[in-house]
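K.L.:
Quick one: the structure is below, and I'll ask about it shortly.
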Amino acid sequence: GGMLAAGLLLLLLAAGPGWAGAEQARRDVLREELLLSPLPAGDLAATFQFRTRWDADLQQGEVSHYRLFPKALGRLVAALGVRELHLALTQGFWRTRVWGQPPLQAPAGAELWVWFQPTVTDVDKAWKELSNILSGIFCASLNFIDSTNTVTPTASFKPLGIANGTDHSLLRYAVLPREVVCTENLTPWKKLLPCGSKAGLAVLLKAERLFHSSYHSQAVHIRPICRDASCLAVSWELRQTLTVVFDSFSSGQGKKDWSLFRMFSRTLTDACPLASQSKVYVDISPKSKEEELLEVTPTPASVHEAIVQGDKRTYAVYDLLSPSLFNTSRSLNVQLKWKRPQDSSELPTPILHAQRYVSGYGLQTGEISTLIYNTHPYRAFPVILLETVPWYLRLYVHTLTIITKGKENKPSYIHYQPAQDRKRPHLLEMLIQLPANSVTKITIQFERALLKWTEYPPDPNHGFYVSSSVLSALVPSITAMKHVDMEQSPLFTSLFPSSDGSSYFVRLYTEPLLVNLPTPDFSMPYNVICLTCTVVAVCYGSFYNLLTRTFHVEEPSRGRLAKRLANIIRKFRGVPPL
Amino acid sequence: AAAALLLGCYGLALASGVQDQAEQFFRSGHTNNWAVLVCTSRFWFNYRHVANTLSVYRSVKRLGIPDSHIVLMLADDMACNPRNPKPATVFSHKNMELNVYGDDVEVDYRSYEVTVENFLRVLTGRIPPSTPRSKRLLSDDRSNILIYMTGHGGNGFLKFQDSEEITNVELADAFEQMWQKRRYNELLFIIDTCQGASMYERFYSPNIMALASSQVGEDSLSHQPDLGIGVHLMDRYTFYVLEFLEEIHPASQTNMNDLFQVCPKSLCVSTPGHRTDLFQRDPQNVLITDFFGSVRKVEITTETISLDSDLVGFESKLPKDELATEPLKYAEQLPVAQIIHQKPKQKDWHPPGGFILGLWALIIMVFFKTYGIKHMKHIF
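Chains as they are written, first to last, in our numbering: chain Y, 1 to 578; chain F, 1 to 380.
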């Protein structure tokens, strides 16, 4: 039996590289997708997703042939023992209360969270190396990630891919709220795509239009997923997502009708030749029971209905790979027209949204307050709040109060790790039950520390950022959700693995805070040195002279000849003698 | 050079000139080009310094130096600054004619990373081992390096980000370290700051040519403001250098003497200076593309090289995928019960039990036995 198997294997290998090449060619698959969702108040959100699925195990064995999966990321995952990697670079803030639940939100700045394999012995060393390598790939200053802004959450950020047990000592999370996102971050992101920015949906990604927006977030997610329904083998998935929200006033010149050309200054001409699926979805869900709100041209070939975030939604679908799409015109320019103006009563409030602000006066103390709103009429649900506060804001945990509807709300789980000066930030994780239709207020007081004068950044009067808090919740859904098959359904429905249909998982971020620390006058060392040296020179110098110089009396000399003559002349003149 | 050779064939009188050119082509001695472009100023009103650096970056890229050989350091972000009315653009000319930021820019050192320490580490190569390749200056003894610096400066120093300075002595010592480690073949140093000539006064290593936008005691002035953006867009010296470089193409034969004549006092208001005494070749023979471009010498060979045929069999070995015995599953995102029972419940405080009380009673009795009962009244 063994001999036969070996013989068969030899035969297969000898069959030639042609067969093996075809096998390899089938192993990675690219799907690209664009989702256009009109938001209340006339803005438009566009979410690009490019997903490469590779049916190979990066951790086992030597992988040498990279086709669609970028080699830079593949080598990184294999060499550093990375299980999951999520990197997001964001500019702006997603206003949940006005825009609704985001499909995938990221905090302002740079966010990196990574799960390592259990085989990694020194997780901190691998984390530091990983952040340095990523800073080179994405031209971002991720090398500033060190122990002062890295935390290990104990309940949030569970792995999004296949996991065999969750040992949280293998997880690291860091946020750099001051990080700027610009074209130099977009360019390497685009270069990781198999078609680059030359074909397919990526031709719309022009930096000048993308950064003239209210919110721009680009992310890279790598995770292991089930290869098929039986889930006996592991495939690796790379998702590159880009979400941008165009403001109707600044980019749209005040008009509420949108088109691809107005948003991106380009139209779609073809699909990426390497993609197996390339689709554009437009959200045309009717907000009320009456007539439709939105008109989409050209007429979509098909309409897709899905339950997304607990709500039944309708999407118009344009398939770029179908030959009938480009029959009439060579380019696809999707246009959206509002049939009637929106009523303010139609604006839906999201079930969960949060707000955070800092209060207090002066430069010594302050208070951080977080407000969490549960607008569901009758269902309560739990939420995990993760707060990371830098060490120079010294939190006083005894002042932590959680108040819901006037009464104290004791969290079911608290994990607090106090900060160590210059070594570790504060970490506060709480599992709080939110009653139906309530507002929960969490407050904690802090004291501002005085930094050493070399620790201030070059622009200290700008302030110091406190990164966003993270809220992870299982929100009850209005309509029961069916289990989604990852391969058949659109990409925007399969971001988070769904467990049961009664609730959906959502991760929200609050605003980052900007806090002023007491800033010294940096010219003072120079002033002090000058003043001290002057005082020392004058006082000590005088004393030194008095003590070390000897004084002797000098007898006036008896007078020489010249002096005698001068004195005679002076006597004649009547002037006193010398 | 090939075109020049062809033209020379038609003019017998030019035969000696062609001979000279061919000799000089092989005399420059460098095989690769690097560029280190530094903008040291922070804040929105120093837009022009970022525009200066990006214009040189643009010219250098256009003339052939790839991103992997350019170390670009920008101390602040102007393109995506909230005050920029046209995001993702940096203009060099008013009326927004030329966007020097472009669509394909790679900034190696951003924002707070531009410090004197990082700059000197890049130059001397003494970089921590975890630094990615794009942030390193991997030059060798056959590299021609262009170093361009701009910002605010004074007599003998250049200000980095409003918080620290680099002095001309430090810079000269860094170049000497580079020379001793054989990290450059020839070096061109251009500086566009006030009193820029003071920065090259102290150089003492060979093969360095330096240009500055103003002499000691003079200020370098900015060119023109744009009323739409609200700041001055470029400095005069770099503006005219950019105009000059736009005429250069990879095969041009313009030499350094033309670069020395760019921006006379009538246009620049300050007097640009240069220093060539440490340079071994005559500036007349130094091409602009020796530093700003990346001209490679290619040798064409006619012999055939056969590739290793064993490589073909290597690819066909597929790693066998291990199948799990039971289906794998995804982790639960919010397992409430598991989280709550993660930490042992904190028990409430109880008064100390019998053992502790007995122990304390023993300690107190021993104390009073040793020191006498009369101390008891002091305790109670």
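Glycine is no exception: its CB is placed at the ideal position from the N, C-alpha and C atoms. Remember, predicted model here, so these are calculated numbers, not experimental data.
Could you confirm whether any beta carbon from chain Y is found closer than 8 Å to the beta carbon of F:C80?
P.N.:
Against the second sequence, residue 80 of chain F aligns to sequence position 80. It does; some Cβ of chain Y falls within 8 Å.
K.L.:
Whose C-beta lies closer than 8 Å to the C-beta of F:T89 among residues of the same chain, with five residues either side of it excluded?
P.N.:
If you number the second sequence from 1, residue 89 of chain F lands on position 89. Same-chain partners within the cutoff: A79, M96, N99, Y101.
K.L.:
Should Y:P70 be labelled buried (16 or more other beta-carbon atoms within 10 Å of its own) or exposed?
P.N.:
Position 70 of the first sequence, counting from 1, holds the residue named residue 70 of chain Y. It is buried - the Cβ of Y:P70 has at least 16 other Cβ atoms within 10 Å.
K.L.:
Residues in the same chain with beta-carbon distance under 6 Å from Y:A20, minus the five sequence neighbours each way, listed in chain order, please.
P.N.:
Here the question's residue 20 of chain Y lines up with position 20 in the first sequence. Caution is warranted here: a pLDDT of 44 is assigned to Y:A20, below 50, making its placement in the model unreliable, and the coordinate value is therefore given only provisionally. Counting only residues of its own chain and dropping the five nearest sequence neighbours on each side, Y:A20 has no CB closer than 6 Å to any other CB.
K.L.:
So, does the CB of Y:S472 fall closer than 8 Å to a CB anywhere in chain F?
P.N.:
Here residue 472 of chain Y refers to the residue found at position 472 of the first sequence. So, interface residue.
K.L.:
Apart from the five residues just before and just after Y:L274, which ones in its own chain have a Cβ nearer than 7 Å to its Cβ?
P.N.:
Walking along the first sequence from the start, residue 274 of chain Y turns up at place 274. The residues are L30, L68, P194, C195.
K.L.:
If you scan the region 51–95 of chain F from start to end, which runs of the beta strand (DSSP E) of 3 or more residues do you find wholly inside it?
P.N.:
70–74
K.L.:
For the candidate residues Y:V203, Y:H426, Y:Q101, Y:E179, whose alpha-carbon lies nearest to that of Y:L87?
P.N.:
Locating residue 87 of chain Y in the first sequence gives position 87, where the first residue counts as 1. Among Y:V203, Y:H426, Y:Q101, Y:E179, the Cα nearest to that of Y:L87 is on Y:E179.
K.L.:
Once the 5 residues before and after F:R58 are set aside, which same chain residues still bring their CB inside 6 Å of it?
P.N.:
Counting from 1 along the second sequence, the entry for residue 58 of chain F is found at position 58. Result list for F:R58: V100, in chain order.
K.L.:
In the structure shown, what three-state DSSP assignment does Y:S250 receive?
P.N.:
Against the first sequence, residue 250 of chain Y aligns to sequence position 250. Of the three classes helix, strand and coil, the one that applies to Y:S250 here is coil, per DSSP.
K.L.:
Compute the minimum distance between the beta carbon of Y:Q91 and the heavy atoms of the ligand SAH, and state whether it is under 7 Å.
P.N.:
This structure simply doesn't include the ligand SAH, nor any ligand for that matter.
K.L.:
Return helix, strand or coil for F:F368, following the three-state DSSP convention.
P.N.:
As a working note, residue 368 of chain F is residue 368 in the second sequence. Reduced to three states, the DSSP call for F:F368 is helix.
K.L.:
Per DSSP, what kind of secondary structure is Y:P382 in: helix, strand or coil?
P.N.:
Numbered from its first residue, the first sequence carries residue 382 of chain Y at position 382. If DSSP states are grouped into helix, strand and coil, Y:P382 belongs with the strands.
K.L.:
Alpha carbon to alpha carbon, how far is Y:V282 from Y:P298? Give it in angstroms, no decimals.
P.N.:
Here residue 298 of chain Y corresponds to residue number 298 of the first sequence, with the count starting at 1. Here residue 282 of chain Y corresponds to residue number 282 of the first sequence, with the count starting at 1. Near 12 Å, if we compare the C-alpha coordinates of Y:V282 and Y:P298.
K.L.:
So is F:K343 in contact with chain Y if we call contact Cβ pairs under 8 Å?
P.N.:
Mapped onto the second sequence, residue 343 of chain F falls at position 343. Yes, F:K343 lies at the interface with chain Y (some Cβ there is under 8 Å from its Cβ).
K.L.:
Would you report the Cα separation of Y:S438 and Y:Q101, rounded to the nearest angstrom?
P.N.:
Here the question's residue 438 of chain Y lines up with position 438 in the first sequence. Here the question's residue 101 of chain Y lines up with position 101 in the first sequence. C-alpha separation (whole angstroms): 18 Å.
K.L.:
Count the C-beta pairs between the region 102–120 of chain Y and the region 167–179 of chain Y that are closer than 8 Å, then say yes if the count reaches three, no if not.
P.N.:
Under the Cβ criterion (8 Å, minimum of three pairs), the region 102–120 of chain Y counts as touching the region 167–179 of chain Y.
K.L.:
Quick check on F:P225: does DSSP put it in helix, strand or coil?
P.N.:
Reading the second sequence from its first residue, position 225 is the one you call residue 225 of chain F. Strand at F:P225.
K.L.:
In this structure, does DSSP put Y:W115 in helix, strand or coil?
P.N.:
Taking the first sequence and counting its residues from 1, the one referred to as residue 115 of chain Y is at position 115. In the structure shown, the three-state DSSP call for Y:W115 is strand.
K.L.:
Give me whichever residues DSSP pairs with Y:V358 in a beta bridge.
P.N.:
Position 358 of the first sequence, counted from the first residue, corresponds to residue 358 of chain Y. Note: Y:V358 sits in a beta bridge opposite Y:I368.
K.L.:
Counting C-beta neighbours from all protein chains within 10 Å, is the total for Y:Q105 16 or more, i.e. buried, or is it exposed?
P.N.:
To locate residue 105 of chain Y, count along the first sequence from 1; it is residue 105. So Y:Q105 counts as buried.
K.L.:
Tell me where the beta strand (DSSP E) around Y:N132 begins and ends.
P.N.:
Locating residue 132 of chain Y in the first sequence gives position 132, counting from the first residue. Counting along the chain, Y:N132 falls outside any beta strand (DSSP E), though it belongs to the alpha helix (DSSP H) covering 123–138.
K.L.:
Between which two residues does the alpha helix (DSSP H) harbouring F:T124 extend?
P.N.:
Translated into positions along the second sequence, residue 124 of chain F becomes position 124. Looking at the DSSP string, the run of the alpha helix (DSSP H) that includes F:T124 is 116–124.
K.L.:
Taking Y:L513 and Y:V358 to be in contact with their CB atoms under 8 Å, please state how far apart those CB atoms are, rounded to whole angstroms.
P.N.:
Along the first sequence, one-based indexing puts residue 513 of chain Y at 513. Along the first sequence, one-based indexing puts residue 358 of chain Y at 358. Confirmed, Cβ separation roughly 5 Å.
K.L.:
Are the region 201–217 of chain Y and the region 150–164 of chain Y touching, with three or more C-beta to C-beta distances below 8 Å?
P.N.:
no
K.L.:
So what does Y:F464 bridge to, in DSSP terms?
P.N.:
In the first sequence, counting from the first residue as 1, residue 464 of chain Y sits at position 464. According to DSSP, Y:F464 bridges with Y:V515.
K.L.:
State the Cα-Cα distance for the pair F:Y240 and F:D192, rounded to the nearest angstrom.
P.N.:
Translated into positions along the second sequence, residue 240 of chain F becomes position 240. Translated into positions along the second sequence, residue 192 of chain F becomes position 192. The alpha-carbon separation between F:Y240 and F:D192 amounts to approximately 12 Å.
K.L.:
Which residue's Cα is closest to the Cα of Y:F138: Y:T154, Y:F157, Y:C182, Y:W115?
P.N.:
Along the first sequence, one-based indexing puts residue 138 of chain Y at 138. When each option's Cα is compared against that of Y:F138, the closest is Y:C182.
K.L.:
Quick one: measure Cβ to Cβ for Y:P103 and Y:L393, integer angstroms, because I've assumed they're closer than 8 Å.
P.N.:
Numbered from 1 along the first sequence, position 103 holds the residue referred to as residue 103 of chain Y. Numbered from 1 along the first sequence, position 393 holds the residue referred to as residue 393 of chain Y. About 32 Å separates the two Cβ atoms, so there is no contact after all.
K.L.:
Could you tell me which of Y:G574, Y:M481, Y:Q59, Y:G74 sits nearest to Y:L238, measuring between CA atoms?
P.N.:
Mapped onto the first sequence, residue 238 of chain Y falls at position 238. With distances taken between Cα atoms, Y:L238 lies closest to Y:G74.
K.L.:
Give me, in chain order, the residues of the same chain whose beta-carbon lies closer than 7 Å to that of Y:N411; leave out the 5 immediate sequence neighbours on both sides.
P.N.:
The residue labelled residue 411 of chain Y in the question sits at position 411 within the first sequence. The sequence as given places Pro at residue 411 of chain Y; Asn does not occur at that position. Hits under 7 Å: I402, M430, L431, I432.
K.L.:
What are the residues that DSSP puts in a beta bridge with Y:R239?
P.N.:
Stepping through the first sequence from its first residue, residue 239 of chain Y is reached at position 239. Per DSSP, Y:R51, Y:H221.
K.L.:
Secondary structure at F:L334, three-state DSSP: helix, strand or coil?
P.N.:
One-based indexing of the second sequence puts residue 334 of chain F at position 334. The answer is coil: DSSP assigns F:L334 none of H, G, I, E or B.
K.L.:
Mind reading off the beta-carbon distance from F:V105 to Y:T187? Whole number of angstroms is fine, and I expect it under 8 Å.
P.N.:
Within the second sequence, residue 105 of chain F is the residue found at index 105, counting from 1. Within the first sequence, residue 187 of chain Y is the residue found at index 187, counting from 1. Right, the Cβ-Cβ distance comes to about 7 Å (below 8 Å), so this counts as a contact.
K.L.:
For Y:Q488, decide whether its Cβ has a neighbour in chain F, counting only Cβ atoms nearer than 8 Å.
P.N.:
Counting from 1 along the first sequence, the entry for residue 488 of chain Y is found at position 488. So, not an interface residue.
K.L.:
For Y:S214, which residues of its own chain have a beta-carbon under 6 Å away from its beta-carbon, when the five flanking residues on both sides are left out?
P.N.:
Locating residue 214 of chain Y in the first sequence gives position 214, where the first residue counts as 1. Taken in chain order, the residues that qualify are G92, V245, D247.
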